[in-house]
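Asks: Numbering (the numbering used here), first residue to last: 3 to 442.
I have a structure here, written as structure tokens, and I will follow up with some questions on it.
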Amino acid sequence: MTINKRDVLVESKKSTSLNPVITSIYTADPSAHVWNDGKIYIYASHDMDPARGCDLMDKYHVFSSQDMVNWLDEGEILSSDDVSWGRPEGGFMWAPDCAYKNGTYYFYYPHPSDSNWNDSWKIGVATSKKPASDFTDQGYIPGLGGFALIDPCVIVDEDDRAYMYYGGGSTCLGGELCEDMLSLKNGMTQMEGLEDFHEAAWVFKRKGLYYLTYADNLEDNNRMRYATSDNPLGPWTYRGIFLEPTGCSTTHGSVVEFKGQWYLFYHNQAISGEGNLRSVCIDYLEFNDDGTIKTVIQTKEGVSSIGAAPEVNPQLKVYAVGDCLVFGGSEIQMLESGQKVVSHLQTEGSYVLFNNIDGGEGGRASIELHYATSERLAKVNLCVNDKDYSLLNALSTGGEQEFSGRTNITVNLLPGAINTLKITGGHGEISLESIIVSPI
Ligand code: FUB
3 MTINKRDVLV ESKKSTSLNP VITSIYTADP SAHVWNDGKI YIYASHDMDP ARGCDLMDKY
63 HVFSSQDMVN WLDEGEILSS DDVSWGRPEG GFMWAPDCAY KNGTYYFYYP HPSDSNWNDS
123 WKIGVATSKK PASDFTDQGY IPGLGGFALI DPCVIVDEDD RAYMYYGGGS TCLGGELCED
183 MLSLKNGMTQ MEGLEDFHEA AWVFKRKGLY YLTYADNLED NNRMRYATSD NPLGPWTYRG
243 IFLEPTGCST THGSVVEFKG QWYLFYHNQA ISGEGNLRSV CIDYLEFNDD GTIKTVIQTK
303 EGVSSIGAAP EVNPQLKVYA VGDCLVFGGS EIQMLESGQK VVSHLQTEGS YVLFNNIDGG
363 EGGRASIELH YATSERLAKV NLCVNDKDYS LLNALSTGGE QEFSGRTNIT VNLLPGAINT
423 LKITGGHGEI SLESIIVSPI
């Protein structure tokens, strides 16, 4: 079998980020950061599809952007399988955060250490010299954790001192981290002055003022509230609600400035309609003259481009589906335009197989499928070298021959032209036009 490879230009058809902004897989609890490379990164938790509840949340993905509109899935950075001290049954990889200090990225995540999960929360730390790959678990922070204590967030202040916040079950705690970023200087203290704190603490600083944002307890419809202080560890002055319910039972967000503009990252359930299949969104966040936050307007458009779109990867390779192997009820079809596509991928057991995919030197590669579907929400299952990357969402393109759909994920490839990609119909009628393999 021959696989066609040709260079192409990929044009972003999005003029705004759209909401949800991450659609290929389900993601929640976005912690966004701008690092020295000039890009903005989202560290997100992952909801498994089909929905199996928050208890089986298994791993974290990172996404990066230089313009707020085009986001690259940088791939999985940590899974519960990587946590040697963790709950034996895995799961419970809940809302994380990342901090940078002295040349190292510190990825903080809540995870139970025992089968009795809600009594045994710990805050784990994985480190890397890179923002979105090669993280290695370093264990958990001594002295932190216990009943319902989740959702760590870390701020490295202008004087280089670092503070951690976390909490749940109506308790929010904060404390200073030691220089090693892996231990606490003087333990944690209660954050005083918050009203109706539930979880999802996030701290940022603007014009010398510290802001602590969090999810409240409104039943099945949490909102986001905030408080401010002149000191990183409070006491705090409660300021109000700035994100009304998103329609999802949980709410969780982060506030970040990028290229002079402030944004709120949060999640909703707009794609799935299910509270444990969530999707990350972005909208503008604005301040009043007195420093208070205006209520965030939740939009479908998302935010506009800020900066140049990413350049086309010169190593990009396109594999035309006309050259792949097709099994089951799928077939290769010639359209009137002369375009060859794989159609009827929805048939049970049908799949397409690409052999001999070149992984270059090996490592991470973005896999992007170009598709058409008139289903509101179709799905395909992707396996690479027998590793199951599970379901990818394919949102409606408005027509069975409208090949404007894009769904992608970053996977690991072996070195050389020995990789195998298998795409199986997951749900709904969908046709594929091409697959793009782009080493990162
Ligand atoms: O995603 C799991 C949990 O749901 C998070 O830790 C909470 O903040 C809530 O979003």
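Idealized CB from N, CA, C, for every residue including glycine.
Are the region 216-226 and the region 194-205 in contact at 8 Å, needing three or more beta carbon pairs?
Replies: With a cut-off of 8 Å, the region 194-205 and the region 216-226 count as touching, because enough Cβ pairs lie within range.
Asks: Q68: buried (16+ other C-beta within 10 angstroms of its C-beta) or exposed?
Replies: Counting Cβ neighbours within 10 Å, Q68 comes out buried, since at least 16 surround it.
Asks: Output the residue ranges of the beta strand (DSSP E) runs that lie fully inside the region 73-101 and measure 3 residues or longer, sorted by chain position.
Replies: Qualifying beta strand (DSSP E) stretches, in chain order: 74-81.
Asks: Does DSSP put V343 in a helix, in a strand, or in coil?
Replies: Residue state, collapsed to three classes: strand.
Asks: Check the C-beta distance from N454 over to T409 and give it rounded, since I have them as a contact under 8 Å.
Replies: With the chain covering 3 to 442 only, the question about residue 454 has no answer from this structure.
Asks: Quick one: does L186 have its CB under 9 Å from some CB of chain D?
Replies: Note that chain D does not occur in the displayed structure, where there is just one protein chain.
Asks: Specify whether the region 36-45 and the region 257-272 touch according to this definition: at least 3 beta carbon pairs, one from each stretch, less than 8 Å apart.
Replies: Yes, the region 36-45 touches the region 257-272.
Asks: Nearer than 8 Å: is that true of the beta carbon of W119 relative to any heavy atom of the ligand FUB?
Replies: False, no ligand heavy atom lies under 8 Å from that Cβ.
Asks: Taking DSSP as the reference, what is the three-state secondary structure of N224?
Replies: The answer is coil: DSSP assigns N224 none of H, G, I, E or B.
Asks: Tell me the residue span of the beta strand (DSSP E) that contains K132.
Replies: Careful: K132 lies outside any beta strand (DSSP E) and carries neither H nor E.
Asks: To the nearest angstrom, how far is the alpha carbon of A164 from that of K187?
Replies: Cα to Cα, the separation comes out at about 10 Å.
Asks: Of all the options S19, L20, A30 and C326, which has the alpha carbon lying nearest to the alpha carbon of S281?
Replies: It is A30.
Asks: So is N358 buried or exposed if we call it buried at 16+ other beta carbons inside 10 Å?
Replies: It is exposed - the Cβ of N358 has fewer than 16 other Cβ atoms within 10 Å.
Asks: Classify W37 as helix, strand or coil using the three-state DSSP reduction.
Replies: Three-state DSSP puts W37 in coil, outside helix and strand.
Asks: What does the alpha-carbon distance come out to for the pair T422 and N383?
Replies: Their Cα atoms are separated by approximately 14 Å.
Asks: Roughly how many angstroms lie between the CA atoms of L416 and G141, to the nearest whole one?
Replies: Computed Cα separation, rounded: 29 Å.
Asks: Could you give the DSSP three-state label for M3: helix, strand or coil?
Replies: Any answer about M3 is weak, because its pLDDT of 27 lies below 50 and its placement is not dependable; what the coordinates show is given next. The answer is coil: DSSP assigns M3 none of H, G, I, E or B.
Asks: Is the region 52-70 touching the region 83-102 in the sense that three or more CB pairs, one from each, lie closer than 8 Å?
Replies: They touch, by the three-pair rule.
Asks: Checking the sheet assignment: what are the DSSP bridge partners for A322?
Replies: Paired residue(s): S436.
Asks: So what does DSSP say about D51, is it helix, strand or coil?
Replies: D51 falls in the coil class under three-state DSSP.
Asks: Which one of R208, S345, D99 and C250 has the shortest CA to CA distance from C155?
Replies: Out of R208, S345, D99 and C250, D99 has the C-alpha closest to the C-alpha of C155.
Asks: Under the criterion of a Cβ to heavy atom distance below 8 Å, does A34 qualify as lining the ligand FUB?
Replies: The answer is no for A34.
Asks: Tell me whether A53, by its Cβ, gets closer than 8 Å to a heavy atom of the ligand FUB.
Replies: No, Cβ of A53 sits at least 8 Å from all heavy atoms of the ligand FUB.
Asks: How is W204 classed by DSSP in three states: helix, strand or coil?
Replies: Here W204 sits in strand by DSSP.
Asks: My output table needs one value for W264: the three-state DSSP class, helix, strand or coil.
Replies: Of the three classes helix, strand and coil, the one that applies to W264 here is strand, per DSSP.
Asks: My assumption, with CB atoms under 8 Å, is that E435 sits in contact with Y391. Please give the rounded CB distance.
Replies: Incorrect: roughly 20 Å between the Cβ atoms, too far for contact.
Asks: Might you give, ordered along the chain, the residues of its own chain that have their beta carbon closer than 6 Å to the beta carbon of V10, omitting 5 neighbours on each side?
Replies: Any answer about V10 is weak, because its pLDDT of 39 lies below 50 and its placement is not dependable; what the coordinates show is given next. Here the set comprises V320.
Asks: If you draw a straight line from the alpha carbon of I143 to that of A150, how long is it in whole angstroms?
Replies: Going from the Cα of I143 to the Cα of A150 covers about 16 Å.
Asks: Could you check which residue in Y240, K424, R378 and R208 has the C-alpha nearest to that of D291?
Replies: Looking at the Cα atoms, R208 is the closest of the given residues.
Asks: What is the DSSP secondary structure of D2, counted as helix, strand or coil?
Replies: Lying before the first or after the last residue shown, residue 2 is absent from the chain, which here runs from 3 to 442.
Asks: Could you give the first and the last residue of the continuous beta strand (DSSP E) run that contains G170?
Replies: Looking at the DSSP string, the run of the beta strand (DSSP E) that includes G170 is A164 to G170.
Asks: Per DSSP, which one or two residues make a beta bridge with C174?
Replies: DSSP output for C174 lists G169 as bridge partner(s).
Asks: For I243, I'd like the list of residues in its chain whose CB is within less than 6 Å of its CB, leaving aside the five on either flank, ordered along the chain.
Replies: Within the same chain, I243 has close Cβ partners R225 and R227.
Asks: Confirm the yes/no value for this check: CB of I27, any heavy atom of the ligand FUB, distance under 8 Å.
Replies: Flag unset: Cβ of I27 not near the ligand FUB.
Asks: Can you tell me the Cα-Cα spacing of S26 and L393, whole angstroms?
Replies: Each residue's alpha carbon lies about 8 Å from the other.
Asks: Could you work out which residue in E181, W238, E221 and V158 is closest to T191 when comparing CA atoms only?
Replies: Comparing Cα-Cα distances from T191 to each of E181, W238, E221 and V158, the minimum goes to W238.
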